[in-house]
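*Asks:*
Protein chains: 4
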Amino acid sequence: MERLTRRPVSEGLETVLGEPIPVLDHGFVRVVDYMGDDAAIVQAARVSYGAGTRTVQDDRGLIRYLMRHRHTTPFEMCVLKLHVKLPIFVARQWIRHRTASVNEISARYSILDREFYLPSVGDLALQSTTNRQGRGQPLADDDAKRVLGLLRSDAEQAYDHYETLLNDDGTGAPRDADAPQLARELARMNLNLAWYTQWYWRIDLHNLFHFLSLRADKHAQLEIRRYADVIGSLVEQWVPHAWEAFVDYRMKGGALSQGEWKVLREALGGRPVADALAASGLSAREKREFLDKIRGDDA
Amino acid sequence: MERLTRRPVSEGLETVLGEPIPVLDHGFVRVVDYMGDDAAIVQAARVSYGAGTRTVQDDRGLIRYLMRHRHTTPFEMCVLKLHVKLPIFVARQWIRHRTASVNEISARYSILDREFYLPSVGDLALQSTTNRQGRGQPLADDDAKRVLGLLRSDAEQAYDHYETLLNDDGTGAPRDADAPQLARELARMNLNLAWYTQWYWRIDLHNLFHFLSLRADKHAQLEIRRYADVIGSLVEQWVPHAWEAFVDYRMKGGALSQGEWKVLREALGGRPVADALAASGLSAREKREFLDKIRGDDA
Amino acid sequence: MERLTRRPVSEGLETVLGEPIPVLDHGFVRVVDYMGDDAAIVQAARVSYGAGTRTVQDDRGLIRYLMRHRHTTPFEMCVLKLHVKLPIFVARQWIRHRTASVNEISARYSILDREFYLPSVGDLALQSTTNRQGRGQPLADDDAKRVLGLLRSDAEQAYDHYETLLNDDGTGAPRDADAPQLARELARMNLNLAWYTQWYWRIDLHNLFHFLSLRADKHAQLEIRRYADVIGSLVEQWVPHAWEAFVDYRMKGGALSQGEWKVLREALGGRPVADALAASGLSAREKREFLDKIRGDDA
Amino acid sequence: MERLTRRPVSEGLETVLGEPIPVLDHGFVRVVDYMGDDAAIVQAARVSYGAGTRTVQDDRGLIRYLMRHRHTTPFEMCVLKLHVKLPIFVARQWIRHRTASVNEISARYSILDREFYLPSVGDLALQSTTNRQGRGQPLADDDAKRVLGLLRSDAEQAYDHYETLLNDDGTGAPRDADAPQLARELARMNLNLAWYTQWYWRIDLHNLFHFLSLRADKHAQLEIRRYADVIGSLVEQWVPHAWEAFVDYRMKGGALSQGEWKVLREALGGRPVADALAASGLSAREKREFLDKIRGDDA
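If you want it as structure tokens, here you go:
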């Protein structure tokens, strides 16, 4: 149902409002509500500058300026509220972002459904040999099938036993009149970290950008990155100028240390990078990361 | 301009959206944007309970339950954004509430207007003799006039000198070509705490209730209370069930300590309050505050 | 090793510093560091009052005053840092407290040990019939043994398969040279919510009291309450005056709504409680909760 | 008085603990307490990596790694508590940092002293012609004297009238028995933004670094920068490795946007910077800022 409002309206978000966008095998992201738009960022920034803004900067330019100089408070004036369904191991990474509001389904009250995450064959991968917290090569197909079989059978068995422990026919009455009904808050212990949970999540745009800069990053675990990518595309529809600035300055930008700047300035002055680097005092690891950056491998 | 939206709409706030509501002599509160309504609180709470909510509680009852048992996160799902113009001494109390977003006009950039707060004659009062941080009796009319005269003349002189220091004709050019233009960030030091500033302020409903419980309280300074009262009336229009619960449980409710409960239970059992209190071990001050509470003097 | 300091020292916490205090079957709480003491609360409060504190209040009285009137910032001046080992389902409740700092072991990097929580026979209980999120009567011994057997065998099997998936002999080399080594971040999905994790947790005293008021409460799940009780006893040793005030005003105190105060005042004036309640307009549930309070059943 | 502790001890901070370090004409920074040291950062980080940290990285290298990759939570494990005396216009900038705890002297309770900030002659400067919020050239000596004379006489007069309004002889009795004693919370309005206030301020190291990155920056107002510089030197004594990393990566490091990286890579590949920049699509302002960066003018 549509109603009239005098508030800022985002055409982009209105079209998807309330519709679950699928993520992973059973998860979703659903826009529940939003506040503000690109113009609201500019409006809040202009309060700070007041009559002091002599020249009329266009909105895009001002938003880029704010992003570049980390004037973050105007971005807090936009707010997004999502309904998300996600595996518990993803939820455990997600919840580390503290400047957000959350209402999660409680398995102390409610009986969870038989819904757990099973990676697709293509997403199963070996432990990385270069990055202790990452994935390396994909598994061979046969190996992948064995792994999935094992994950599935353990999850199914865990749920069967969860149901045995609860002993609830769905109306609160026991399935087996001779067996006990274990407290829900205890029975849930038998479910594993692949289980789906869901929550309402409200966050302002500044903190959402921080979330996305970590969770849409290539170092983030693939599963949470899938959620971050969907949210990123929503943000792009909602506040296109802010999104563009965020991508340019944060997602695809990058920082250099004092020592790296010195090497860089020497190199721009004509000194071979290798020479400048050798004389720089940077550690082996810092040198390697610097070379990755100037090659664009870190983009 | 009105546009269509699928988001929750508050009829009450739509009618005042964008309109400055006067507070004090030059201040105002203006609703810029809002997110959510009473139903949004209920919706978030129901995610937590999930299928576990067997009986259909009506919204009002659930909101009262949440407020009574301090289940605060569903109230964070509603958000209000205000534009406020207020004296600096009020702003300094207000900003102590950290869980909000603020964009304030900067007197480093901008030249402030000749606008300072002068209390009305009726609001001028003696230092309280019983409460170190409060006001007592109103001033006699003659005294009030003398006080206002003094406050006004100092403020006018401060602004005259502020203009002398800035030496800016409004276009950036000097008024007096032979005098310097002192940096704005220095000149502003000459303005006093009665000066008006303004900001955009965004806060969620849970934290707004906390703000109101402190700032609409009788112990708050009269001037900030005037703002809190206006905001309270906006909240009442926006989320009437939540407001009613807040008033019942927080604003007009009150807490008792372990020792006070003991006295109370004895009194309900028939023991004279004075006897129960004498045997209670409460300090003189605690006894006095208890008697105020049961008389309703603290309501 | 002991060293000299000019900072406040808590004799109580120094004696337990660094020693794990057991909780549940494999968990612990260990004090890593602390800042401040009762005197630090008073010192911060006295900055606020400055020369305005005419009479010398003793520390205990001032701390009780601060607690009673919810002047919370002085309590933020004390800080506690703990190392905690806890089951994941407990960690998921704990992490909802956002105003704290956390560093948790990462199962993306590290291989977790074979350590999961198994309730003691006495802690296994039926789903409560009156409280949807609570435990009721303990299980019969035979039933308890069956439940534990099932929880244990599922957990053991999950860990066996976790090891199979990791295929790591502890040095990074495969146990089975023909099998793949699944990425750790994927393999961990097979572990359930009873698994132990650990973290460093830093929180200030005001927010710690909020944590304890929710997690040492009778409505909290038994397992997290065990942790809260241990932390409470540490706080008692650390800041005895603040602890006493917290217990009196928060843990064993209680709030009344506007309507409940009205009933109470009538009852103290001689009207039978039942009559006053009948005329009060409170809902059936509110009436029941009120009677519990005045009987002390809610203490 | 010194006492024994088993907590980490910072030799550097112990020597200055409790001693006011002068800032501006009447202000100071005084270390009241601290928690943790460089090793505490490492210790918390190692919990995250757990048994996964195969190689023993030395502490300095790990701290640099954490800073470089914005792994911020381990830095939250160190805490600093300061007592600061500062002009109100500085306090108003300072308080915008929300993730800290504050207890400020209240002029509702207390009578403030006759202490206001007067810049030194050398610190008085013209409004910048290139930066709307900055200072340009210093004032000529004669102009500076006139400005100071005006600031001083207005401040002295404001305080004289503040005393008249309070009409308090220091014991609470009136100086003039025939005049009223205006409430303190009203009289204070007559004091200006140069007045000194004081507070206790507690913050963790991560958030302190954020404060310093903004307030020790060349764009910060000179007066708050003086405080930030003193605090920076305290941090250097307290956590020397973390300080070094902060300076290298944050204070003297700098970020580049996607477009700037592109220009840079082309320049390193031999294309003249001017050509690469001309083809880049960056705005005039972005080009100017880029050239400043590679020249090191922004360091």
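Protein chains in written order, with this note's numbering: chain C, 1 to 299; chain X, 300 to 598; chain W, 599 to 897; chain E, 898 to 1196.
Yeah, the Cβ is synthetic: ideal placement off N, Cα and C, and Gly gets one too.
For LEU205 of chain C, which residues in the same chain have their Cβ closer than 8 Å to its Cβ, ignoring the five residues on either side in sequence?
*Replies:* Result list for LEU205 of chain C: GLY36, ILE41, PHE75, GLU76, MET77, CYS78, VAL79, LEU80, VAL235, VAL239 and ALA242, in chain order.
*Asks:* Give me, in chain order, the residues of the same chain whose beta-carbon lies closer than 7 Å to that of THR53 of chain C; leave out the 5 immediate sequence neighbours on both sides.
*Replies:* Because the pLDDT at THR53 of chain C is just 48, under 50, the model does not fix this residue reliably, and the value given afterwards should be weighed accordingly. So the list reads ARG46, once near-sequence residues are dropped.
*Asks:* Distance cutoff 9 Å, beta carbons only. Does ARG265 of chain C sit that close to anything in chain E?
*Replies:* At least one chain E Cβ lies under 9 Å of ARG265 of chain C.
*Asks:* Across which residues does DSSP place ARG900 of chain E in a beta bridge pair?
*Replies:* BP columns for ARG900 of chain E point to W:THR603.
*Asks:* Please list, in chain order, all residues of the same chain as LEU810 of chain W whose beta carbon is under 7 Å from its beta carbon, the five residues on each side excluded.
*Replies:* Excluding positions up to five away in sequence, the list reads ALA826, ILE829 and GLY830.
*Asks:* Between the beta-carbon of MET849 of chain W and the beta-carbon of LEU193 of chain C, is there less than 9 Å?
*Replies:* No, Cβ-Cβ distance for MET849 of chain W and LEU193 of chain C is not below 9 Å.
*Asks:* Please report the distance separating the alpha-carbon of ALA173 of chain C from that of GLN520 of chain X.
*Replies:* Going from the Cα of ALA173 of chain C to the Cα of GLN520 of chain X covers about 57 Å.
*Asks:* For ALA350 of chain X, which residues in the same chain have their Cβ closer than 7 Å to its Cβ, ignoring the five residues on either side in sequence?
*Replies:* Residue confidence is low: ALA350 of chain X scores 48 on pLDDT, short of 50, so the model does not pin down where it sits. Its coordinate-derived value is still stated next. Contacts found: none.
*Asks:* Check each residue of the segment 788-800 of chain W: if its Cβ is closer than 7 Å to any Cβ of chain C, include it; give the result in chain order.
*Replies:* Residues passing the 7 Å Cβ filter: ASN788, LEU789, ASN790, LEU791 and ALA792.
*Asks:* Mind checking the segment 315-347 of chain X against chain W and listing, in chain order, the residues whose C-beta falls within less than 7 Å of any C-beta there?
*Replies:* Under the 7 Å Cβ criterion, the segment 315-347 of chain X contributes no residue.
*Asks:* Quick one, are the C-beta atoms of GLY909 of chain E and GLN1078 of chain E less than 9 Å apart?
*Replies:* Contact flag unset, no.
*Asks:* Once you ignore the five residues that flank GLY18 of chain C on each side, which residues in its own chain have a CB closer than 8 Å to its CB?
*Replies:* Taken in chain order, the residues that qualify are ARG30, VAL31 and VAL32.
*Asks:* Based on DSSP bridge pairs, tell me the residues matched to ARG800 of chain W.
*Replies:* Paired residue(s): W:LYS679 and W:SER699.
*Asks:* DSSP three-state call for GLY650 of chain W: helix, strand or coil?
*Replies:* Because GLY650 of chain W carries a pLDDT of 46, less than 50, the predicted location of this residue cannot be relied on, and no value is offered for it.
*Asks:* What in chain E is Cβ-close to ASP248 of chain C, meaning under 7 Å?
*Replies:* Within 7 Å Cβ-Cβ: SER1154, GLN1155 and GLY1156.
*Asks:* Which class does ILE88 of chain C belong to by DSSP, given the choice of helix, strand or coil?
*Replies:* Note: ILE88 of chain C maps to helix in three-state DSSP.
*Asks:* Under three-state DSSP, which class holds VAL322 of chain X?
*Replies:* In the structure shown, VAL322 of chain X sits in a strand (DSSP, three-state: E or B).
*Asks:* Cα separation between ALA544 of chain X and ARG363 of chain X?
*Replies:* Between ALA544 of chain X and ARG363 of chain X, the C-alpha separation is close to 5 Å.
*Asks:* Write down every uninterrupted run of the alpha helix (DSSP H) in the segment 829-858 of chain W whose length is 4 residues or greater and which is fully enclosed by it, in chain order.
*Replies:* If we require 4 residues or more, the alpha helix (DSSP H) runs fully inside the segment 829-858 of chain W come out as 838-844.
*Asks:* Quick check on DSSP: helix, strand or coil for GLY469 of chain X?
*Replies:* Coil.
*Asks:* Measuring only between beta-carbons, confirm whether VAL906 of chain E sits less than 9 Å from chain W.
*Replies:* Output row for VAL906 of chain E: interface = yes.
*Asks:* How long is the line joining the alpha carbons of ALA1076 of chain E and ALA439 of chain X, rounded to whole angstroms?
*Replies:* Straight-line Cα distance between these residues: approximately 10 Å.
*Asks:* Sort C:GLY269, C:ALA274, C:PHE290 and C:GLN198 by Cα distance to VAL23 of chain C and report the nearest one.
*Replies:* The shortest Cα separation from VAL23 of chain C among C:GLY269, C:ALA274, C:PHE290 and C:GLN198 belongs to C:GLN198.
*Asks:* Between THR952 of chain E and chain W, is the shortest Cβ-Cβ distance under 9 Å, so that the two count as touching?
*Replies:* At THR952 of chain E, the pLDDT of 49 sits below 50, so the modelled position is not reliable; the number obtained from the coordinates is stated separately. No - not a single Cβ of chain W is within 9 Å of the one on THR952 of chain E.
*Asks:* Taking only three categories from DSSP, how would you classify GLN1024 of chain E?
*Replies:* The answer is strand: DSSP assigns GLN1024 of chain E an E or B state.
*Asks:* Within the same chain, show all residues whose beta-carbon is closer than 7 Å to that of PRO8 of chain C, passing over the 5 residues directly before and after it, in chain order.
*Replies:* Taken in chain order, the residues that qualify are GLY36, ASP37, ALA39 and ALA40.
*Asks:* Rounded to a whole number of angstroms, what is the C-alpha to C-alpha distance between TYR707 of chain W and LEU764 of chain W?
*Replies:* Looking at the two C-alpha atoms, the distance is approximately 12 Å.
*Asks:* Between the beta-carbon of THR996 of chain E and the beta-carbon of ILE1100 of chain E, is there less than 9 Å?
*Replies:* Yes; because the gap between Cβ atoms is below 9 Å, this pair is in contact.
*Asks:* Leaving aside the five residues before and after GLU612 of chain W along the sequence, list all residues of the same chain whose C-beta is less than 7 Å from its C-beta, in chain order.
*Replies:* Answer for GLU612 of chain W: no residue qualifies.
*Asks:* In chain order, what residues of the segment 55-89 of chain C put their CB closer than 7 Å to some CB of chain X?
*Replies:* Against chain X - using a Cβ distance shorter than 7 Å - the residues of the segment 55-89 of chain C are THR73, PRO74, GLU76, MET77, VAL79 and LYS81.
*Asks:* Is the beta carbon of PHE888 of chain W closer than 9 Å to that of VAL861 of chain W?
*Replies:* A contact, by the Cβ cut-off of 9 Å.
*Asks:* If you draw a straight line from the C-alpha of GLU1053 of chain E to the C-alpha of LEU1179 of chain E, how long is it?
*Replies:* Cα to Cα, GLU1053 of chain E sits roughly 52 Å from LEU1179 of chain E.
*Asks:* Indicate whether at least one CB of chain W lies closer than 9 Å to the CB of ALA284 of chain C.
*Replies:* No, no contact with chain W.
*Asks:* So who's on the other strand from PRO1035 of chain E, going by DSSP bridges?
*Replies:* Paired residue(s): E:ALA1022.
*Asks:* Which residues of chain W have a Cβ atom closer than 8 Å to the Cβ of ASP1101 of chain E, listed in chain order?
*Replies:* In chain order: SER699 and ARG800.
*Asks:* Around the C-beta of GLN436 of chain X, are 16 or more other C-beta atoms found within 10 angstroms, so that it is buried, or is it exposed?
*Replies:* Label assigned to GLN436 of chain X: exposed.
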